[in-house]
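Student: Sending over a structure as structure tokens; questions will come in a sec.
There are 2 protein chains.
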Amino acid sequence: MIKLHEAFEIVLQRTSRLEAERVPLLQARGRVLAEDAASDMNMPPFPRSSVDGYALIAEDLQRLPARLQVVGTIAAGTYPEFAIASGQAAKIMTGAPVPAGADAVQMIERSRSTSTANEVEILEAASKGANISPFGSEARLGQVVAPVGSFVSPAMVGLLAAVGKREVVVYRAPAVGVIATGDELVEISEQPVAAQIRNSNSYALFAQIESAGARPHVLGIARDQKSQLRELMQRGLQYDLLLLTGGVSMGDLDLVEDVFAELGFKIFFNKVAVKPGKPVVFARAGNTLVFGLPGNPVSAATIFELLVRPAIRKMLGNVVYQNQIVNAHLTQRFVNRSGRENYAPAWTWYENGAYHVRALPSKGSGDVVSYAASNSYLICPIDRTELAAEEQVHAMLRPEFF
Amino acid sequence: MIKLHEAFEIVLQRTSRLEAERVPLLQARGRVLAEDAASDMNMPPFPRSSVDGYALIAEDLQRLPARLQVVGTIAAGTYPEFAIASGQAAKIMTGAPVPAGADAVQMIERSRSTSTANEVEILEAASKGANISPFGSEARLGQVVAPVGSFVSPAMVGLLAAVGKREVVVYRAPAVGVIATGDELVEISEQPVAAQIRNSNSYALFAQIESAGARPHVLGIARDQKSQLRELMQRGLQYDLLLLTGGVSMGDLDLVEDVFAELGFKIFFNKVAVKPGKPVVFARAGNTLVFGLPGNPVSAATIFELLVRPAIRKMLGNVVYQNQIVNAHLTQRFVNRSGRENYAPAWTWYENGAYHVRALPSKGSGDVVSYAASNSYLICPIDRTELAAEEQVHAMLRPEFF
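Keeping their order, the protein sequence lines are chains A and B. Just so we're aligned, residue 1395 is where the first sequence starts under our numbering, counting upward by one. Just so we're aligned, residue 1395 is where the second sequence starts under our numbering, counting upward by one.
Here is the structure:
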């Protein structure tokens, strides 16, 4: 049985960034640039005023207040046809081009009008270059403004729009197939009877896959028959990633591994010393990476966070794979009887400059009520049977909460 | 000119949670429950084995190894028709119902087979109740498992699926109209000439609105003519929120406030002591909240993070409105000449149990290249002109990065 960090390394080793694709800019949010993006213009394309005020010559402000003749008004979007000479100023709006001759802009708040038409009094001095962004100072024509590997945040969308990228080249988002296995499963619209339970895993995984920026495809429920499982799995091989839930423990009726073998899947590991989630199969078939996740909903969701989400992040071209792990102050004692590294559903909060964490009361590893109330995991190392209250521990944050 | 925290309070005071709506479960991710969700079943609906192993009577394990007669096998999804008597055991799979008579499950790893058919040797004792989740222990029929106000994380999607909610009642996501103003703007597919610049703000805001969980509607560019602006604004009043960029500074051609007045908008503030972003109008018309954002792209994006995203969070029914602010170790001196509270584009990282932050080199408040490379803001208080290297400061994290 390998340790979690070993499983993590194996998953990342076997996972590759997907190929590049060209998408409309507004669909690129959350993706990663697969090509350098260069500016197609000088930014700003002219000396630009960063305030509303008066474009003037700084030397004219040696005696204050300085009376200047206002020779024109420059709105954003208009190009001044005139130049400023000594003793002159032009009223100028934020974002407008500074006229020739002027070497500073003084803010309108530091001026006042006089009784003379076309005249202004400037009340404070300005240094040369004040409130002017020089031509090309932010980016030169042809300069790479966003290198390959850049994450496309909303701010990056804005930059790419500013340099004229209607489309951008990003790494493709993985398509992820989801198959639930087990005779006990019924659709969520049905009322379970006797020993049945609802197939909630496919829903939770759909939401996790979407939140990770990948594309979920739910293939349905495979009953505990090899033929049906094989057929669904073969359909699943059209995706970049295939997730199965259930059928991977030591039970006699756990068919998943059998079918993996029949289909010639290369299995990299089938058990990880982590709680919840011990039975986890990771395999490859052709270009598809396959995870056999536990049937227990908390275990399946947790292994997704620990191993599948990092794989999706790598496929998307990111260079940080793991959910954020922070140091936190443990507020309540925690007992770990599992003999495995334990990721306990927890609540983490930031207060007075530090994270604090406590494990949520749980009725066991299948307690989806408790799990749904958590925003993080308390991490208990494999070699610790107990964490004392007040200890500094590690907490793994779930990205949708922080 | 009001302070940022005052503006924040005014925005939140004037913003209300939207009404509830019923949506399919898979569309509820990222929303907030507007109704308690109760379980329509007992969970688990039977005493459930949490491991693969043998269901047995704990007292039978007083002498070890204990030889037990295996009277049946219980797969998940099948209901045992038999009961366990002293000296007997049933092989049981994870998730399967524990048969009557049995009061513990011992893991398969702690058993071994014998040469006798239908017999097993159990190697370790088990306490009463071991590896069994009792009937109804996680939730009782009718029990509220997710109260109104719960955030619908992927884990919550899983819980709601488990209790049979094909649809859930959540607060509606705001529809947000976006209007850019200014004669200088051209579409991003065009090559700006002379004093023109591309309308990148509408793209950046689209991405920010989406990332905040709201629905963007881009209404286009209004030229600096009252009639056109008024017409677009009136169209914008069909949305819950209306964002304008440009036209809100002190320049002569800044028409936005004029049109606000003509249309009878109630203006709550029109200037905030924050950098970047000083000119910010916040108003209400009918049921629409209106933000007049600066035309400068970095300012517009920053005011979105400081004031608009919190309003969207409240409309969605969340109770935490602000982006996360953490204590961080400043690695480089920072100078604040603005006389305002300064949110400087910055890089924040977590290392050795603490956050570290540095402001990114910037060519001024319009530097979209620098802004696009940031993942956070370094916050400099209004009364500080300088932050020294090694100081403990505050950083505001941008949610897409953490």
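Cβ atoms here follow ideal geometry from the backbone N, Cα and C, with glycine treated the same way. Note that the coordinates shown come from a computational prediction; the quantities given were computed from them, not determined experimentally.
DSSP on B:Phe1662, reduced to helix/strand/coil?
Tutor: Along the second sequence, one-based indexing puts residue 1662 of chain B at 268. Reduced to three states, the DSSP call for B:Phe1662 is strand.
Student: In terms of residues, what are the limits of the beta strand (DSSP E) holding B:Gln1463?
Tutor: Sequence index remark: in the second sequence, residue 1463 of chain B carries index 69 (1-based). Taken as a continuous stretch (DSSP letters only), the beta strand (DSSP E) holding B:Gln1463 covers Ala1460 to Ile1468.
Student: Report the partner residues of A:Lys1485 according to the DSSP bridge assignment.
Tutor: Sequence index remark: in the first sequence, residue 1485 of chain A carries index 91 (1-based). Paired residue(s): A:Tyr1448 and A:Thr1467.
Student: Taking contact to mean at least 3 C-beta pairs separated by less than 8 Å, is the region 1766-1779 of chain B in contact with the region 1723-1731 of chain B?
Tutor: With the cut-off at 8 Å, the region 1766-1779 of chain B and the region 1723-1731 of chain B touch.
Student: Does the CB of B:Phe1600 have a neighbour CB from chain A at under 7 Å?
Tutor: As a first step, residue 1600 of chain B is located in the second sequence; it is residue number 206 there, counting from the start. By this cut-off, B:Phe1600 is an interface position.
Student: Mind pulling the alpha helix (DSSP H) runs of 4 or more residues that sit fully within the region 1477-1555 of chain B?
Tutor: Complete alpha helix (DSSP H) runs here, min 4: none at all.
Student: So, does the CB of A:Ile1578 fall closer than 7 Å to a CB anywhere in chain B?
Tutor: Position 184 of the first sequence, counted from the first residue, corresponds to residue 1578 of chain A. The sequence given here has Glu at residue 1578 of chain A, not Ile. Chain B, which has a Cβ nearer than 7 Å to the Cβ of A:Glu1578, makes this yes.
Student: Output the distance between the C-alpha atoms of B:Val1492 and A:Gly1614, rounded to the nearest integer angstrom.
Tutor: Here residue 1492 of chain B refers to the residue found at position 98 when the second sequence is read from its first residue. Here residue 1614 of chain A refers to the residue found at position 220 when the first sequence is read from its first residue. B:Val1492 and A:Gly1614: Cα-Cα distance of roughly 27 Å.
Student: I'd like to know whether the C-beta atoms of B:Ala1677 and B:Phe1698 end up nearer to each other than 7 Å.
Tutor: Locating residue 1677 of chain B in the second sequence gives position 283, counting from the first residue. Locating residue 1698 of chain B in the second sequence gives position 304, counting from the first residue. No, these two residues do not count as a Cβ contact at 7 Å.
Student: Can you tell me which of the three DSSP states B:Phe1440 falls into?
Tutor: Your numbering for residue 1440 of chain B matches position 46 in the second sequence. Residue state, collapsed to three classes: coil.
Student: Would you kindly work out how many angstroms separate the C-alpha atoms of B:Thr1779 and B:Arg1734, rounded to a whole number?
Tutor: Residue mapping note: residue 1779 of chain B aligns to position 385 of the second sequence, counting from 1. Residue mapping note: residue 1734 of chain B aligns to position 340 of the second sequence, counting from 1. One C-alpha to the other measures close to 9 Å.
Student: With a threshold of 8 Å, are at least 3 pairs of Cβ atoms found where one atom belongs to the region 1605-1622 of chain A and the other to the region 1689-1709 of chain A?
Tutor: Touching, per the Cβ criterion.
Student: With a threshold of 6 Å, establish whether the CB of A:Thr1508 neighbours any heavy atom of the ligand HEM.
Tutor: Among the ligands in the structure shown, none appear at all, so the ligand HEM cannot be discussed.
Student: Taking 7 Å as the threshold (C-beta atoms), are B:Ala1556 and A:Val1762 in contact?
Tutor: In the first sequence, residue 1762 of chain A corresponds to position 368, counting from 1. In the second sequence, residue 1556 of chain B corresponds to position 162, counting from 1. Yes. Within cutoff.
Student: Tell me which residues share the same chain as B:Thr1508 and place their Cβ nearer than 8 Å to its Cβ, disregarding the 5 neighbours each side in the sequence.
Tutor: As a first step, residue 1508 of chain B must be located in the second sequence, where it is residue number 114. If we look at B:Thr1508 and ignore the five residues flanking it on each side, its Cβ neighbours are Arg1461, Val1514 and Glu1515.
Student: Reducing DSSP to helix, strand and coil, say where A:Phe1795 ends up.
Tutor: Looking up residue 1795 of chain A in the first sequence gives position 401. Looking at A:Phe1795 - three-state DSSP - the assignment turns out to be helix.
Student: Going along the region 1659-1692 of chain A in order, which residues come within less than 7 Å of chain B, judged by CB to CB distance?
Tutor: Per Cβ criterion, the list reads Gly1689, Asn1690 and Pro1691.
Student: Between the Cα of B:Asn1769 and the Cα atoms of B:Glu1784, B:Ala1783, B:Gly1758 and B:Ala1789, which residue gives the shortest distance?
Tutor: The sequence position of residue 1769 of chain B within the second sequence is 375, counting from 1. Nearest option by C-alpha distance: B:Ala1789.
Student: Quick one: residues in its chain with C-beta nearer than 7 Å to the C-beta of A:Lys1672, no 5 flanking neighbours on either side, listed in chain order?
Tutor: Taking the first residue of the first sequence as position 1, residue 1672 of chain A is located at position 278. Around A:Lys1672: Lys1665, Val1666 and Arg1734.
Student: Per DSSP, what kind of secondary structure is A:Ser1768 in: helix, strand or coil?
Tutor: For the purposes of this step, residue 1768 of chain A is taken as residue 374 along the first sequence, with counting starting at 1. A:Ser1768 falls in the coil class under three-state DSSP.
Student: Quick one: measure Cβ to Cβ for A:Val1675 and A:Gly1686, integer angstroms, because I've assumed they're closer than 8 Å.
Tutor: To locate residue 1675 of chain A, count along the first sequence from 1; it is residue 281. To locate residue 1686 of chain A, count along the first sequence from 1; it is residue 292. Contact holds; Cβ gap of about 3 Å.
Student: Return the chain-ordered list of same chain residues with a C-beta closer than 8 Å to the C-beta of A:Arg1411, the five sequence neighbours on each side being excluded.
Tutor: As a position in the first sequence, residue 1411 of chain A is number 17, starting the count at 1. Within the same chain, A:Arg1411 has close Cβ partners Tyr1565, Lys1708, Met1709, Leu1710 and Gly1711.
Student: Between the region 1726-1760 of chain B and chain A, which residues of the former have a C-beta closer than 7 Å to a C-beta of the latter?
Tutor: So the list reads Tyr1744, Gly1747, Lys1757, Gly1758, Ser1759 and Gly1760, given in the order they occur along the chain.
Student: Whose CA, out of A:Gln1628, A:Glu1400, A:Phe1663 and A:Ser1596, lies closest to the CA of A:Ala1694?
Tutor: As a first step, residue 1694 of chain A is located in the first sequence; it is residue number 300 there, counting from the start. When each option's Cα is compared against that of A:Ala1694, the closest is A:Ser1596.
Student: Grab the span of the alpha helix (DSSP H) containing A:Val1650 for me, first residue to last.
Tutor: Taking the first residue of the first sequence as position 1, residue 1650 of chain A is located at position 256. A:Val1650 -> alpha helix (DSSP H) spans Val1650 to Glu1656.
Student: When you compare the CB of B:Ala1494 with every CB in chain A, is at least one pair closer than 7 Å?
Tutor: The residue you call residue 1494 of chain B lines up with position 100 of the second sequence. With 7 Å as the cut-off, B:Ala1494 does not count as an interface residue toward chain A.
Student: Of all the CB atoms in chain A, is at least one closer than 7 Å to the CB of B:Gly1621?
Tutor: Within the second sequence, numbered from 1, the residue matching residue 1621 of chain B stands at position 227. According to the sequence displayed, residue 1621 of chain B carries Ser and not Gly. With 7 Å as the cut-off, B:Ser1621 does not count as an interface residue toward chain A.
Student: So, B:Gly1760 versus A:Ser1521, is the Cβ gap smaller than 7 Å?
Tutor: Position 366 of the second sequence, counted from the start, is the residue given in the question as residue 1760 of chain B. Position 127 of the first sequence, counted from the start, is the residue given in the question as residue 1521 of chain A. No, the Cβ-Cβ distance between B:Gly1760 and A:Ser1521 is not below 7 Å.
Student: Within the continuous alpha helix (DSSP H) that includes A:Tyr1749, where are the two ends?
Tutor: Residue 1749 of chain A sits at position 355 when you count from the first residue of the first sequence. From DSSP, A:Tyr1749 is part of no alpha helix (DSSP H) but of the beta strand (DSSP E) over Ala1748 to Ala1753.
Student: Could you check the C-alpha separation between A:Arg1629 and B:Val1499 for me, to the nearest Å?
Tutor: The residue you call residue 1629 of chain A lines up with position 235 of the first sequence. The residue you call residue 1499 of chain B lines up with position 105 of the second sequence. For A:Arg1629 and B:Val1499, the distance between alpha carbons rounds to 37 Å.
Student: In the region 1761-1778 of chain B, which residues sit with their C-beta less than 9 Å from some C-beta in chain A, listed in chain order?
Tutor: Those residues of the region 1761-1778 of chain B that come within reach of chain A (Cβ to Cβ, closer than 9 Å) are Asp1761, Val1762, Val1763, Ser1764, Tyr1765, Ala1766, Ala1767, Ser1768 and Asn1769.
Student: To the nearest angstrom, how far is the alpha carbon of B:Gln1602 from that of B:Asn1736?
Tutor: The residue you call residue 1602 of chain B lines up with position 208 of the second sequence. The residue you call residue 1736 of chain B lines up with position 342 of the second sequence. Each residue's alpha carbon lies about 21 Å from the other.
Student: CA-CA distance, A:Ser1547 and A:Val1417?
Tutor: As a working note, residue 1547 of chain A is residue 153 in the first sequence. As a working note, residue 1417 of chain A is residue 23 in the first sequence. Their backbone Cα atoms lie some 15 Å apart in a straight line.
Student: Can you confirm whether B:Ala1449, when its beta carbon is compared against all beta carbons of chain A, has any partner nearer than 7 Å?
Tutor: Within the second sequence, the letter at position 55 stands for residue 1449 of chain B. Not one chain A Cβ lies under 7 Å of B:Ala1449.
Student: With a cut-off of 8 Å on the beta carbons, I'd call B:Val1570 and B:Leu1637 a contact; round off their distance for me.
Tutor: For the purposes of this step, residue 1570 of chain B is taken as the residue at position 176 of the second sequence. For the purposes of this step, residue 1637 of chain B is taken as the residue at position 243 of the second sequence. Right, the Cβ-Cβ distance comes to about 6 Å (below 8 Å), so this counts as a contact.
Student: Between the C-alpha atoms of A:Phe1476 and A:Thr1467, what's the straight-line distance to the nearest angstrom?
Tutor: Along the first sequence, read from residue 1 onward, the residue named residue 1476 of chain A stands at position 82. Along the first sequence, read from residue 1 onward, the residue named residue 1467 of chain A stands at position 73. Roughly 10 Å between the two C-alpha positions.
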